[in-house]
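Participant:
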Amino acid sequence: MNPIKTDLLQGTLDLLILKTLATGPLHGYGVSLRIQQISKNALQVRQGSLYPALHRLERRGWIAAEWGDSENNRRAKFYRLTRTGRRQLEVEETNWERLAVAIRQVLNEA
Amino acid sequence: MNSNSHHEKDHDFAFESRKGKIRLWLRKLFHVKQFDRELVSELQFHIEHVIEANVRSGMSREEARRAALRDFGGVELAKEECRDERPTRWLRDFFQDVRFGLRMLRKSPGFAAVAVLTLALGIGANTAIFSVVEGVVLAPLPYRQPDRLTVVLQRNLTQNYDADLSYLDFLDWQKNNHSVQEMAAYQQLGFDLTSPGSPEHLDAAAVSANFFHVLGVNLALGRQFLPAEDVQGGARVAIITDALWAEKFSRSPNVLGQTLTLDGANYSVVGILQPGFSFAYKSDVYVPAGQGDISLLNDRSIHGTACIARLKDGVTLEEAHADLNRVQGNLNQLYPTIDRGLATTVLPLKQFLVGNIGSTLILLLGAVGIVLLIACANVANLLLARSAARSREFAIRLALGAGRGRVIRQMLTESLFLSLVGGAAGLLAANWGLSAILAVLGGELPRQSNITVSTSVLLFALGVSMLVGILFGIAPALKNSSVDPQRSLTERGGSGTRAQHRVQSTLVISQVALALVLLTSAGLLFRTIRRLWQVNPGLNPQNVVTFQIGLSPSIINSAPGIRNAFQQTIARIQQIPGVQSADLTSVIPLSQADNTGPFWIGPQPASLAQAPRAIYYEVGPAYLQTMGIPLLRGRFFTPQDAITSEPVVVVDDALARRYFPNGDAVGQRLTIAHWATARIVGVVGHVKQWGLGNSHRLSQSQIYISFYQLSDMWVPLFRGSMAVVVRTTSDAGALMPAIRATVYGSNDNEPVYNVQMMRDVVAETMAPQRLPMMLLGAFAALALLLASIGIYGVISYSVTQRTREIGIRIALGAESRKIFGMVIAQGLRLAIAGLAVGAVAAAILTRVLSNFSHLLYGVRTNDPLTFVTVSIVLTGVAVLACYIPARRATRVDPMTALCND
Chain A
1 MNPIKTDLLQ
11 GTLDLLILKT
21 LATGPLHGYG
31 VSLRIQQISK
41 NALQVRQGSL
51 YPALHRLERR
61 GWIAAEWGDS
71 ENNRRAKFYR
81 LTRTGRRQLE
91 VEETNWERLA
101 VAIRQVLNEA
Chain B
1001 MNSNSHHEKD
1011 HDFAFESRKG
1021 KIRLWLRKLF
1031 HVKQFDRELV
1041 SELQFHIEHV
1051 IEANVRSGMS
1061 REEARRAALR
1071 DFGGVELAKE
1081 ECRDERPTRW
1091 LRDFFQDVRF
1101 GLRMLRKSPG
1111 FAAVAVLTLA
1121 LGIGANTAIF
1131 SVVEGVVLAP
1141 LPYRQPDRLT
1151 VVLQRNLTQN
1161 YDADLSYLDF
1171 LDWQKNNHSV
1181 QEMAAYQQLG
1191 FDLTSPGSPE
1201 HLDAAAVSAN
1211 FFHVLGVNLA
1221 LGRQFLPAED
1231 VQGGARVAII
1241 TDALWAEKFS
1251 RSPNVLGQTL
1261 TLDGANYSVV
1271 GILQPGFSFA
1281 YKSDVYVPAG
1291 QGDISLLNDR
1301 SIHGTACIAR
1311 LKDGVTLEEA
1321 HADLNRVQGN
1331 LNQLYPTIDR
1341 GLATTVLPLK
1351 QFLVGNIGST
1361 LILLLGAVGI
1371 VLLIACANVA
1381 NLLLARSAAR
1391 SREFAIRLAL
1401 GAGRGRVIRQ
1411 MLTESLFLSL
1421 VGGAAGLLAA
1431 NWGLSAILAV
1441 LGGELPRQSN
1451 ITVSTSVLLF
1461 ALGVSMLVGI
1471 LFGIAPALKN
1481 SSVDPQRSLT
1491 ERGGSGTRAQ
1501 HRVQSTLVIS
1511 QVALALVLLT
1521 SAGLLFRTIR
1531 RLWQVNPGLN
1541 PQNVVTFQIG
1551 LSPSIINSAP
1561 GIRNAFQQTI
1571 ARIQQIPGVQ
1581 SADLTSVIPL
1591 SQADNTGPFW
1601 IGPQPASLAQ
1611 APRAIYYEVG
1621 PAYLQTMGIP
1631 LLRGRFFTPQ
1641 DAITSEPVVV
1651 VDDALARRYF
1661 PNGDAVGQRL
1671 TIAHWATARI
1681 VGVVGHVKQW
1691 GLGNSHRLSQ
1701 SQIYISFYQL
1711 SDMWVPLFRG
1721 SMAVVVRTTS
1731 DAGALMPAIR
1741 ATVYGSNDNE
1751 PVYNVQMMRD
1761 VVAETMAPQR
1771 LPMMLLGAFA
1781 ALALLLASIG
1791 IYGVISYSVT
1801 QRTREIGIRI
1811 ALGAESRKIF
1821 GMVIAQGLRL
1831 AIAGLAVGAV
1841 AAAILTRVLS
1851 NFSHLLYGVR
1861 TNDPLTFVTV
1871 SIVLTGVAVL
1881 ACYIPARRAT
1891 RVDPMTALCN
1901 D
């Protein structure tokens, strides 16, 4: 399947990032890679959207950043989910489910 | 997901998140560069990984790099968007606005210069006047808890005026009141100092021992008076000012215990005041009040003592007034022949010191505020004109997605920048202006030493600048940000909207109206002063000089010695060539000095306080001809009127008409308190003692007594107040050196001081009008200048806008005279509209300023002549302002005008 280069809606991208970080801290490249992998290349986040989103989430306090060493011993900025971030993730996931169900219903009916 | 996280306590989430947010915010605020560096390395890290991935999937390194950058979607854009997420965006935007504004202003330096100059004038004038208001009216007095300090005066209920009280009454007030923490007495004196150093006359004060304690000031050196010194026979001690210490003792630290010889007696210095100390009246030396002449202090009917009081905590002015009235009431009962009919008046000390000047100054602040409004209108018009030229620029910005708020913010930043620069320049101008004001008018202002550019003044200038910037910036800002991009981008070169022209015209009309108000006020005061000069003061002040002389300490306690010394000195002065006549007087007319006392005709009234009042002049026989006061009936004094002959008086015709309306005053008898019952031998013309315009003060009756008929007891007491008046054939000032030489000739210990020309004394009475007139005149001139610039600007701009129309008219054959007239007429229309509005405004304001009318004399506040004159001047200036643009209009070349886009 060809990767969909979509400019994801801000909120959706936030959800994906939070979910990706739920399993453990990652740097920015790692996040985009993980999203690509898990979606089986369906979603390729534009880097130009990723980093503003990361900084936005950081400002909201849902993720926290720390400089550390990467796998190849290079300095990288790692992001991790905070406690409030975890709660937000739950909220966003719930909302997303509801939204998906609603859209599916409309598509079935119409 | 870790299930433990669900059971974490709620407040921990909030705390951690908030702490993190604040840390992040702070970090981003203060580590701008570091943030950028981090961001760059973060992005670099990412890009390098993508490049590696691309290389691994088969691309060349160069291809990989290009692909990675392409994917990234513009590194700079990403950086920019990341930066936008930073919470400190507004700060960055602000600096950008400032840089942008600076660039814009550099591009049009002419506009910037005019705007800054206009603002500097307006803000500078306001700052200068505010400095005066702050120093005189607003700043607290330099004493401890100054709002608790009051001046207590004794009120004469029959004659309805406030005055000093007797020392005995003061002591009783002190003893019997319940509302005052402490009170002190204050008597104005003068001393002739003969040592150390050269002889000179000193202004002095006799005060209670606790006087400085009541004020709450500390001495710089030494101690205050002791109660033991504040009584008859107490040790002769003195406290001197820092200035006197510097002059006589060179600020030697050994000054305490050194001696001053004052009026022949030796006083030991026990204290030095702080350098900045000042009280109501200038005094170089202070001595204890209780040591004064016993005959003055022990006479309850002699009122020579002033009283200051510090109220108890929590006591209001009204409560103190009631309490002191009670005390005085008891005294009235105890001494009915002297005190009955007296009460008290309690005034805050500041009000007593500042007096009427306070309201005049506030009025002047309002006037100068009007000047600032006119200046702002000019700058607003300038900005409007310029914004029309920049409308394309803003249209583009708006089309590119700049928010309306952003554009407004940028324009306001520009205006604020202009106004702050104008304010800074204005501060410099204010400094200079303040020095000028103090140099010319300083003597008429109380608390003059307190007038400086202080911190509050700086804050005022800053606040006014910012307010002004927002005021004139808001209209162009709103207008520009709502520009319809489509329209202005396709429009031909900006022909100016109707609305804009309306706004500009309104601004100019208001300018003219405000200028009219100021010019009229200045004109009214000017006419007042002219009218005052035309008033006959009752004497001839031309070529008359007055001064005081000290006498040798060996004779100052001897009445015959004093009489002799004065007589001889006068005789010698009369011998000087160029001197027409000379003699003594105890009160110089129109000098604001007060020598009021009771008198009666017939039986003594029940209480002295209820007796009629007159001003007493103790004079020599040649006084009348020296002053040029007309003799109406009978005779004046002669050398034959001496201590041994019958007591005689001369009265003025106000007294004569009031008390002897049917017959001749000459030959009648009247009784002067503390002196004698005397026969009236002459009636002279009335002298306007309280000022040329002032006709409602109480003591209009004037009584003349021969100095040489005063009893031996009184002569030494009057010695210090006696002045010499000399009439010369030509310039009196030129003769002063000869007069000084004659006075010094007999005894080196006789200083000559308080030299004044009589015409300056008369001019001094107009001081309350002179101060506002000069300042208002300056403001009115400034307003006129600014308004004319405003008219010029608007008409000139209009001519530029109408170039096409004018070109067409000329091409169709209109004469240049018609074009010229058309432009002038446009300006005239604005001016006349402004005059109309101004007339209405002035009419309304006169109601508000009715308490201003005490300053006017001989003119009503709605004086038609002033109004007409000012209107003509304004119209003329308006026409003049239109002249250049009108000429420019006639020179329009139809061809270029029509081809010009």
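Residue numbers (the numbering used here), protein chains in the order written: chain A, 1 to 110; chain B, 1001 to 1901. Virtual Cβ for every residue (Gly too), placed ideally from N, Cα, C. Remember, it's a predicted structure, so these values are computed and weren't measured experimentally.
Using a beta-carbon distance below 8 Å, is B/S1505 in contact with chain A?
Facilitator: The count along the second sequence starts at 1 and reaches residue 1505 of chain B at position 505. Taking Cβ atoms only, chain A never reaches closer than 8 Å to B/S1505, which makes this a no.
Participant: Taking the beta carbon of A/R98 as the centre, do at least 16 other beta carbons fall within 10 Å, making it buried, or is it exposed?
Facilitator: On the first sequence, residue 98 of chain A is found 98 positions in, with the first residue counted as 1. Exposed, by the Cβ-count rule.
Participant: Around the Cβ of A/H55, are there at least 16 other Cβ atoms within 10 angstroms (buried) or fewer (exposed)?
Facilitator: As a first step, residue 55 of chain A is located in the first sequence; it is residue number 55 there, counting from the start. A/H55 is buried by the Cβ-count criterion.
Participant: I believe B/V1287 touches B/A1238 by the beta-carbon criterion, under 8 Å. Please report the beta-carbon distance rounded to the nearest angstrom.
Facilitator: Counting from one through the second sequence, the residue named residue 1287 of chain B turns up at place 287. Counting from one through the second sequence, the residue named residue 1238 of chain B turns up at place 238. Contact holds; Cβ gap of about 5 Å.
Participant: Closer than 8 Å by beta-carbon distance: list the chain B residues that pair up with A/Y79, in chain order.
Facilitator: In the first sequence, residue 79 of chain A corresponds to position 79, counting from 1. Per Cβ cutoff of 8 Å: no residues; A/Y79 is ~10 Å from chain B at best.
Participant: Would you list the one or two residues that DSSP bridges to B/S1060?
Facilitator: Taking the first residue of the second sequence as 1, we reach residue 1060 of chain B at position 60. Bridge partners of B/S1060: none, in fact.
Participant: Checking the sheet assignment: what are the DSSP bridge partners for B/G1282?
Facilitator: Translated into the one-based positions of the second sequence, residue 1282 of chain B becomes position 282. Reading off the sequence shown, one finds Lys at residue 1282 of chain B, where the question assumed Gly. According to DSSP, which records beta bridges pairwise, B/K1282 is partnered with nothing at all.
Participant: What does B/L1043 touch in chain A if you count any residue whose Cβ is under 9 Å from its own?
Facilitator: Stepping through the second sequence from its first residue, residue 1043 of chain B is reached at position 43. The answer, in chain order, is G28, Q47, Y51.
Participant: Since B/P1598 sits in a beta bridge, which residues does DSSP pair it with?
Facilitator: On the second sequence, position 598 is the one that residue 1598 of chain B refers to. Per DSSP, B/R1613.
Participant: Closer than 6 Å by C-beta to B/A1064: which residues in its own chain qualify, once you throw out the five before and the five after it? Chain order, please.
Facilitator: As a working mapping, residue 1064 of chain B is identified with position 64 in the second sequence. I1051, N1054, V1055.
Participant: What is the DSSP secondary structure of B/Y1335, reduced to helix, strand or coil?
Facilitator: Walking along the second sequence from the start, residue 1335 of chain B turns up at place 335. Three-state result, B/Y1335: coil.
Participant: Is it the case that the Cβ atoms of B/L1364 and B/I1129 are separated by a distance below 8 Å?
Facilitator: Position 364 of the second sequence holds residue 1364 of chain B. Position 129 of the second sequence holds residue 1129 of chain B. Closer than 8 Å, so yes.
Participant: Using only the alpha-carbon positions, how far apart do A/A102 and A/E93 sit?
Facilitator: Along the first sequence, read from residue 1 onward, the residue named residue 102 of chain A stands at position 102. Along the first sequence, read from residue 1 onward, the residue named residue 93 of chain A stands at position 93. Approximately 14 Å between the Cα atoms of the pair.
Participant: What is the residue span of the beta strand (DSSP E) that B/R1409 lies within?
Facilitator: Along the second sequence, read from residue 1 onward, the residue named residue 1409 of chain B stands at position 409. Here B/R1409 belongs to no beta strand (DSSP E); instead the alpha helix (DSSP H) covers 1404-1441.
Participant: For B/A1551, I'd like the list of residues in its chain whose CB is within less than 7 Å of its CB, leaving aside the five on either flank, ordered along the chain.
Facilitator: By one-based count along the second sequence, residue 1551 of chain B stands at place 551. Before going on, a small fix: residue 1551 of chain B reads as Leu here, not Ala. Excluding positions up to five away in sequence, the list reads I1562, A1565, R1719, E1750.
Participant: For A/I63, which beta-bridge partners are listed by DSSP?
Facilitator: Within the first sequence, numbered from 1, the residue matching residue 63 of chain A stands at position 63. Bridge partners of A/I63: A/L81.
Participant: From B/A1499 to B/F1472, what distance separates their C-alpha atoms?
Facilitator: Here residue 1499 of chain B refers to the residue found at position 499 of the second sequence. Here residue 1472 of chain B refers to the residue found at position 472 of the second sequence. If you take the alpha carbons of B/A1499 and B/F1472, they lie about 17 Å apart.
Participant: Beta-carbon separation of A/H27 and A/A100 under 8 Å?
Facilitator: What you label residue 27 of chain A is simply residue 27 of the first sequence in a count that begins at 1. What you label residue 100 of chain A is simply residue 100 of the first sequence in a count that begins at 1. For A/H27 and A/A100, no; Cβs fall outside 8 Å.
Participant: Does DSSP classify A/D175 as helix, strand or coil?
Facilitator: Because chain A spans 1 through 110 in this model, residue 175 of chain A falls outside it and cannot be assessed.
Participant: Please report how far the alpha carbon of A/Q36 lies from the alpha carbon of B/L1412, in whole angstroms.
Facilitator: On the first sequence, residue 36 of chain A is found 36 positions in, with the first residue counted as 1. On the second sequence, residue 1412 of chain B is found 412 positions in, with the first residue counted as 1. If you take the alpha carbons of A/Q36 and B/L1412, they lie about 48 Å apart.
Participant: Three-state secondary structure (DSSP) at B/S1268?
Facilitator: Residue mapping note: residue 1268 of chain B aligns to position 268 of the second sequence, counting from 1. DSSP places B/S1268 in strand when its eight states are reduced to three.
Participant: Could you tell me which whole alpha helix (DSSP H) segments of length 4 or greater appear in the segment 1820-1879 of chain B?
Facilitator: The qualifying runs do not exist here; there are none.
Participant: Taking its Cβ as the centre, do 16 or more other Cβ atoms sit within 10 Å of B/I1680, making it buried, or is it exposed?
Facilitator: Translated into the one-based positions of the second sequence, residue 1680 of chain B becomes position 680. The residue in question, B/I1680, is buried, as its Cβ has 16 or more Cβ neighbours within 10 Å.
Participant: Along chain B, which residues have their Cβ under 7 Å away from the Cβ of A/A76?
Facilitator: To locate residue 76 of chain A, count along the first sequence from 1; it is residue 76. By Cβ distance, chain B contributes F1045.
Participant: Cα separation between B/S1495 and B/E1805?
Facilitator: Counted from its first residue, the second sequence places residue 1495 of chain B at position 495. Counted from its first residue, the second sequence places residue 1805 of chain B at position 805. Confidence in B/S1495 is poor, its pLDDT being 47 and thus under 50, which makes the residue's placement too unreliable to answer from.
Participant: Measuring only between beta-carbons, confirm whether B/A1064 sits less than 8 Å from chain A.
Facilitator: Position 64 of the second sequence holds residue 1064 of chain B. No, because no Cβ of chain A sits closer than 8 Å to the Cβ of B/A1064.
Participant: Inspect the CB distances between the segment 1515-1534 of chain B and the segment 1835-1848 of chain B and report whether three or more fall short of 8 Å.
Facilitator: Contact between the segment 1515-1534 of chain B and the segment 1835-1848 of chain B is present, because at least three Cβ pairs lie under 8 Å.
Participant: CB B/L1507 to CB B/M1773, shorter than 8 Å?
Facilitator: Taking the second sequence and counting its residues from 1, one reaches residue 1507 of chain B at position 507. Taking the second sequence and counting its residues from 1, one reaches residue 1773 of chain B at position 773. No; because the gap between Cβ atoms is not below 8 Å, this pair is not in contact.
Participant: With 16 as the cutoff for other CB atoms within 10 Å, does B/A1322 come out buried or exposed?
Facilitator: Residue mapping note: residue 1322 of chain B aligns to position 322 of the second sequence, counting from 1. Answer is exposed; the Cβ neighbour count stays below 16.
Participant: Relative to the C-alpha of B/Q1700, which residue among B/V1687, B/R1860, B/Q1709, B/Y1792 is closest?
Facilitator: Start at 1 with the first residue of the second sequence, and residue 1700 of chain B comes out as number 700. When only C-alpha atoms are compared, the closest one is B/V1687.
Participant: Hey, quick one: how far does the alpha helix (DSSP H) through B/G1793 stretch, first residue to last?
Facilitator: The count along the second sequence starts at 1 and reaches residue 1793 of chain B at position 793. Segment 1767-1801, the alpha helix (DSSP H) holding B/G1793.
Participant: At least one CB of chain B closer than 8 Å to the CB of A/L18: is that the case?
Facilitator: Taking the first residue of the first sequence as position 1, residue 18 of chain A is located at position 18. Not closer than 8 Å to any Cβ of chain B, the Cβ of A/L18 fails to qualify, so no.
Participant: Spell out a yes or no on whether the segment 1190-1201 of chain B and the segment 1383-1395 of chain B are touching, meaning 3 or more CB-CB pairs, one atom from each, closer than 8 Å.
Facilitator: Too few Cβ pairs lie closer than 8 Å, so no.
Participant: Can a CB atom of chain A be found closer than 8 Å to the CB of B/H1501?
Facilitator: Here the question's residue 1501 of chain B lines up with position 501 in the second sequence. False, the Cβ-Cβ gap to chain A never drops below 8 Å.
Participant: Does B/E1414 get closer than 8 Å to chain A when you measure Cβ to Cβ?
Facilitator: Mapped onto the second sequence, residue 1414 of chain B falls at position 414. Not one chain A Cβ lies under 8 Å of B/E1414.
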